[in-house]
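Each protein sequence line maps, in turn, to chains A and B.
Residue numbering for the first sequence follows the working numbering, starting at 4 and increasing by one per position.
Residue numbering for the second sequence follows the working numbering, starting at 10 and increasing by one per position.
See below for the structure under consideration.
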Amino acid sequence: MNSRMDSFHFRFEALGSGCEVVIGSGSKKNAQSIAGCAIEEVSRIECKYSRYRTDSLVSRINAAAGHDWVECDEETLSLFQYADTLYESSGGLFDITAGVLRHAWDFGNAVVPGQDVLSRQCSLINWQSVERQGNSVRLPVAGMEFDFGGFGKEYAADRAAALVYRKGVRNGYVNLAGDIRVLGPKLDETPWLIGIQDPRHKSRTIASIPLFTGALATSGDYERYFEVDGHRYCHIIHPRSGYPVTYWRSVTVVAPLAITAGSCSTIAMLKEADGLAFLEDSGMGYLAVDHLGEMYCRNTSSGF
Amino acid sequence: MRSGSTTKSTVFGTVLLTAALALPSVEFAYADAVPERSIVSFKYLNYQDNQGLLSQSGSNTNGLNTTSGASSAVTPGTSGSTSSGSQDRIGVNAYSVMALVPVAGEWSVGTTYTSDSVSGASPTYHSSGLAKMTDLRRAIDVELTRYFSRGSVSVGTSYSKEIDYISRGFNIQGSMSTEDKNTTFTLGGSFNNDSINPVIQPSVDEKKQVASGLIGVTRVLTPQDIVQLNVSYSKGTGYYSDPYKLYDNRPRHRNSVTALARWNHHFDDNGTDGTVHLSYRYYSDSFGIRAHTLDAEYVQPLYKGWTVIPLLRLYAQNEADFYVSVGAAENADPTQPTPPPSDAVYYSEDQRLSGFGAVTLGVKVSKQINKDWLVDVKYEHYEQREQWSLSGDGDPGLTPFKARSIQVGVSRAF
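Right, here's the structure in full:
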C-alpha cells in the first residue's frame, strides 16, 4: 500500500437515485477529475437511453413505432444483442418491450388495472417481432416501446468503472443506486464490505459480503410499490400475466460484471418460485429473500 | 462429480456473461485478482460469521442455506460443457469466466452496524432525478477516507439548500478495531453552519452554527451478544427560535449531551431462536430539558409459521426552562393565546418543549397460513401525559393524548 494514497468518495444524483464513486488516488484533484469523467459517462448513458427523456434515442425509436426505421450506432446495436441473449436465457421473461405495462400500472394512484387493460398492453410485448436490419431497428406496431431500464443502470456502472480503471485507478468502486461494480479492494488490500438492504426496513441491512473485485446488484419488491387489501404490487411486472411478481422480496447476485449481476437478479425475480433453481443454475453467488422472509444464499465460486 | 444441472449452469452463466462481455468496453483486466486475497477474505470471514449469528431479527437465520458445494459453481472450461451446441464458444468463454470470477468472501447474514456501501433495489424506471442532472457537479459531496491496518479515518464536506435554509457541513470520523476485531472504537466530530431566511419573515436573516463530537464503542461479547455505547456532545450558537410561531424567542445557545446504549441478544442456546433488541438513550441540554428513552423489542418465531413481536417504548422529559404553560384564559378559550410573562427574556409555547411522558405498547402477531397466505395483526397503544414528565408535573393545560391503532394485513402470494 502506498501510504500517500487516499480514498475519495464522491456522491452524486443520477438515474433518479443516490450514487457514489470511490477512488483511491494520490491527489484529490486527480480523483476529482476521474470521478467527473465517470459521472459524465453515467449521465451520457442516461441521456441516450432513458425513456423519460423525450430527446433520448430510445424515445425516438419508440415514437417511430409502427412507422419508420431508426438507424442506431454500434453501442445501441450491441445492447440490442445483449437484450436478445437476455430474452433467450430467461425463456422470454426478460423482454425489453415489456415497459408498456408501466402505462397500465399507476403507482402514484395505487390502482389495480382491469384485465382488459392488461391484456391490451401485454399484446404489445414481443421482442421477437422487433425488426432489425443492418444498423437499423423498427418496432412493428404503434404503441410498442423499448425500455432499457432493466439493465441500463448496470451497464452504466460497468462503463463508468471501466473508464475509471483505464485512468489507472485500482482501488475503489462505482455504486449506482445499489448496483455496485468494484474496481479493486481498499488501499490496505482489505475488501469493501457491502451491506444488503433489508427489504422491509429501509435503514437496516440483513446481510453483508466482503468484495475485492467483481460486482453485485439487487432487485426487490420494495422501492416502488403500492398495497391494496394487504396485497403488494411492486414495479417488477411479469410480461405474460401483466401482474407484478410476488415471490421474492429481494434478490442480490454477485457476478463479475454489474450487468450480469443485475440481469440474473431480475430474471430470478421474474421466475418467481423457479428463481432459486435459476440462481443455482446461473453459477453466480446470490442472496435471496422470499415472500415469507426466508433467506437463501450461495457464495461465489472461489475454486481457483 | 458434477451433476447435470451444474454443467448446464456453467453453460448458462457463461452465456449471459459472454453476451455482456461483447458490450463496448465493459470488461477490464482482472490481472490483480490474485488468489491470496481469497485467503485473506476467508480469514476475515470467520469474524463476520460470528457477528452474523447475532443481532438478528428473528426470521433471518431460518432457512439460511450456506451451500458448501459452491466451489463447483462457475467452474472453468476443463469440464464437459457439452450440453450446448456451441461447444467452442462456451469453452473459450468459460476460460474468461474463470479469469473474471469476482473475488468475494462469504455472505454474513444478520444486521451489522457497519458497511462500506449498501446495495438495494431501485426502480427500473425513474423520473425524479432527471432535473438534477445539470447540477451534477455542484451536488457532489466529497468524503476522503484513509485506511490503516485496523481502522480508518474519514473526512467529509456537505452542502444542502432549501428555499429558506442553507446548510454547510464538515465531518470527521475515525474508527479503530482490536486485533480480534471484536471491539471497535469510534470517534467523530462535525461542524454545521446554517443560514436561515424564512419566507414569511424576510427580515429574519439568521445563522446557526453547531459543533458536535461523538465517542463510541461496539463490542461483540459472544456470538449471541453485541453491545454498543455512544456518547455525543453538541454545542450550538445562533437562531433556535421558530419563526413560524407567535410567541417564540429561544436562547441563542444550545448545548446537549446524548448517551445511547444498545444491546442485541439472540437466544440460540435455549432453542427459542428469539432475539431481543434493547436500547436506552439519555438526553440533556442547556434549555433545561432532560429526557430518557427506553426501547425494547422481542422477536419470537414460533411453531407453524407464527411470529410474535411484543414492543415497548417509554419516554419522559421535563420542560424547558423558558416554556410557557397554557394560561387560564387560554384554558377557558383555546383561541386566546397565552402571552409570555412580561419579564421573560426567553419564551416558547412549543409543546415539544413542555414536560411530558409517553408509553407505547404494542404487539405484532403474524401467521403464515400456508405457502400463499400471510396474515398479520399489529396493535399499538400510545399514551402521552404531562403527569408522566420527569418532574412529575408538566403543563396541566395540555390534554392527555391517547392513540390506539390496529392494523390487520392479509397478503396472498400467487
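We treat Cβ as the ideally placed atom computed from N, Cα and C, and that holds for glycine.
*Where A:HIS241 sits in the DSSP three-state scheme*: As a position in the first sequence, residue 241 of chain A is number 238, starting the count at 1. Reduced to three states, the DSSP call for A:HIS241 is coil.
*For A:ILE197 and chain B, any beta-carbon pair shorter than 9 Å?*
Stepping through the first sequence from its first residue, residue 197 of chain A is reached at position 194. Yes, A:ILE197 counts as interfacial toward chain B.
*Element boundaries [alpha helix (DSSP H), containing A:ASN65]*: For the purposes of this step, residue 65 of chain A is taken as the residue at position 62 of the first sequence. 60 to 66 is the extent of the alpha helix (DSSP H) around A:ASN65.
_Applying the 10 Å Cβ sphere with the 16-neighbour rule, what's the burial state of A:ALA38?_
For the purposes of this step, residue 38 of chain A is identified with residue 35 of the first sequence, where counting begins at 1. Buried, by the Cβ-count rule.
*Rounded separation between A:LEU127 and A:VAL103 - CA only*: If you number the first sequence from 1, residue 127 of chain A lands on position 124. If you number the first sequence from 1, residue 103 of chain A lands on position 100. Between A:LEU127 and A:VAL103, the C-alpha separation is close to 7 Å.
*asked:* Counting only Cβ pairs nearer than 9 Å, list the residues of chain D close to A:HIS12.
replied: Here the protein chains are A and B, and chain D is not one of them.
*Quick one: give me the first and last residue of the alpha helix (DSSP H) that A:ASP71 is part of.*
Taking the first sequence and counting its residues from 1, the one referred to as residue 71 of chain A is at position 68. Segment: none, A:ASP71 is in no alpha helix (DSSP H) and carries neither H nor E.
*Which bits of chain A does B:ALA305 rub up against, with CB to CB less than 7 Å?*
As a working note, residue 305 of chain B is residue 296 in the second sequence. Those do not exist, as B:ALA305 stays about 17 Å from chain A at its closest Cβ, beyond 7 Å.
_According to DSSP, is B:ASN340 part of a helix, a strand, or is it coil?_
Sequence index remark: in the second sequence, residue 340 of chain B carries index 331 (1-based). DSSP places B:ASN340 in helix when its eight states are reduced to three.
*Using 8 Å as the Cβ pair cut-off and three pairs as the minimum, do the region 358 to 372 of chain B and the region 319 to 329 of chain B touch?*
yes
*Would you please state the rounded distance, in angstroms, between the beta carbons of A:GLU134 and A:VAL140? I believe it to be under 8 Å.*
Translated into positions along the first sequence, residue 134 of chain A becomes position 131. Translated into positions along the first sequence, residue 140 of chain A becomes position 137. Yes, they are in contact, since the Cβ atoms of A:GLU134 and A:VAL140 sit about 7 Å apart, within 8 Å.
_Straight-line gap, A:ASP87 to A:PRO188 (C-alpha atoms, nearest Å)_ = For the purposes of this step, residue 87 of chain A is taken as the residue at position 84 of the first sequence. For the purposes of this step, residue 188 of chain A is taken as the residue at position 185 of the first sequence. Between the C-alpha atoms of A:ASP87 and A:PRO188 there is a straight-line separation of about 33 Å.
*A:VAL120 CB to nearest chain B CB: under 9 Å?*
The sequence position of residue 120 of chain A within the first sequence is 117, counting from 1. No, no contact with chain B.
*the region 246 to 268 of chain B: which residues have C-beta closer than 7 Å to a C-beta of chain A, in chain order?*
Of all residues in the region 246 to 268 of chain B, none has a Cβ within less than 7 Å of some Cβ in chain A.
_For B:THR408, which residues in the same chain have their Cβ closer than 6 Å to its Cβ, ignoring the five residues on either side in sequence?_
To locate residue 408 of chain B, count along the second sequence from 1; it is residue 399. Result list for B:THR408: empty, nothing under 6 Å.
*So, helix, strand or coil for B:LEU407, using DSSP?*
Translated into positions along the second sequence, residue 407 of chain B becomes position 398. Three-state result, B:LEU407: coil.
_Touch test, the region 10 to 22 of chain A against the region 115 to 124 of chain A, Cβ-Cβ under 8 Å, three pairs minimum_ = no
*Contacting residues, own chain, Cβ-Cβ under 8 Å from A:CYS40 (five flanking each side not counted)*: Counting from 1 along the first sequence, the entry for residue 40 of chain A is found at position 37. Hits under 8 Å: LEU166, VAL167, LYS170.
_Bridge-paired residues (DSSP) for B:PHE157_ = Taking the first residue of the second sequence as 1, we reach residue 157 of chain B at position 148. The partner list for B:PHE157 (beta bridge, DSSP) reads B:GLY160.
*How about B:PHE179: is its C-beta nearer than 9 Å to some C-beta of chain A?*
If you number the second sequence from 1, residue 179 of chain B lands on position 170. No, no contact with chain A.
*Three-state class that DSSP yields for A:PHE281 in the structure shown*: Looking up residue 281 of chain A in the first sequence gives position 278. Helix at A:PHE281.
*Work out the CA separation of B:MET185 and B:ALA268 for me, nearest whole Å.*
For the purposes of this step, residue 268 of chain B is taken as residue 259 along the second sequence, with counting starting at 1. For the purposes of this step, residue 185 of chain B is taken as residue 176 along the second sequence, with counting starting at 1. Rounded to whole angstroms, B:ALA268 to B:MET185 spans 20 Å at the Cα level.
_Output needed for A:ILE3: all residues of its chain with C-beta closer than 6 Å, excluding positions within five of it in sequence on either side, in chain order._
Any question about residue 3 of chain A goes unanswered here, given that chain A covers just 4 to 307.
_Which same chain residues end up closer than 8 Å to A:ALA291 when comparing Cβ atoms and leaving out the 5 residues on each side of it in sequence?_
Within the first sequence, numbered from 1, the residue matching residue 291 of chain A stands at position 288. Answer for A:ALA291: TRP251, SER253, VAL254, THR255, ALA271, GLY278, LEU279, LEU282, MET298, TYR299, CYS300, listed in chain order.
*Would you mind telling me which residues of chain A sit closer than 7 Å to B:GLN377, beta carbon to beta carbon, in chain order?*
Within the second sequence, the letter at position 368 stands for residue 377 of chain B. Going along chain A in sequence order, the residues near B:GLN377 (Cβ under 7 Å) are LEU295.
*asked:* I'd like to know whether the C-beta of A:ASN65 is nearer than 9 Å to at least one C-beta of chain B.
replied: Along the first sequence, read from residue 1 onward, the residue named residue 65 of chain A stands at position 62. It does not; no Cβ of chain B falls within 9 Å.
*Using a C-beta to C-beta distance shorter than 9 Å, which residues of chain A count as neighbours of B:GLY364?*
As a position in the second sequence, residue 364 of chain B is number 355, starting the count at 1. Chain A residues near B:GLY364: none, gap ~30 Å exceeds 9 Å.
*Give the secondary structure of A:THR269 by DSSP, where H, G and I count as helix, E and B as strand, and everything else as coil.*
Translated into the one-based positions of the first sequence, residue 269 of chain A becomes position 266. Of the three classes helix, strand and coil, the one that applies to A:THR269 here is helix, per DSSP.
_Cβ pair B:VAL229, B:GLY245 closer than 9 Å_ = Within the second sequence, residue 229 of chain B is the residue found at index 220, counting from 1. Within the second sequence, residue 245 of chain B is the residue found at index 236, counting from 1. No, the pair does not count as a contact, with Cβ atoms beyond the cut-off.
*Sort out for me which residues DSSP pairs B:TYR242 with in a bridge.*
Mapped onto the second sequence, residue 242 of chain B falls at position 233. Answer is B:GLY222, B:VAL266.
_Cβ shell of B:PHE200 (< 6 Å), same chain only, five flanking positions each side left out_ = Walking along the second sequence from the start, residue 200 of chain B turns up at place 191. Around B:PHE200: PHE179, ALA220.
*In whole angstroms, what separates the C-alpha of A:SER30 from that of B:THR187?*
Residue 30 of chain A sits at position 27 when you count from the first residue of the first sequence. Residue 187 of chain B sits at position 178 when you count from the first residue of the second sequence. Here the alpha carbons of B:THR187 and A:SER30 stand approximately 30 Å from one another.
*When the cut-off is 9 Å and only beta carbons count, does A:GLU226 lie next to chain B?*
Sequence index remark: in the first sequence, residue 226 of chain A carries index 223 (1-based). Cβ-Cβ to chain B under 9 Å: yes for A:GLU226.
_Outcome for B:ARG413 when other beta-carbon atoms lying within 10 angstroms are tallied against a minimum of 16_ = Position 404 of the second sequence holds residue 413 of chain B. Label assigned to B:ARG413: exposed.
_Partner residues on chain A for B:SER184, Cβ-Cβ distance less than 9 Å_ = The count along the second sequence starts at 1 and reaches residue 184 of chain B at position 175. Going along chain A, no residue has its Cβ under 9 Å from B:SER184, so there is no contact; the nearest lies around 12 Å.
*To which residues of the same chain is A:ALA68 closer than 6 Å at the C-beta, ignoring the five residues directly before and after it?*
Locating residue 68 of chain A in the first sequence gives position 65, where the first residue counts as 1. Cβ within range, chain order: LEU142, ALA145, MET147.
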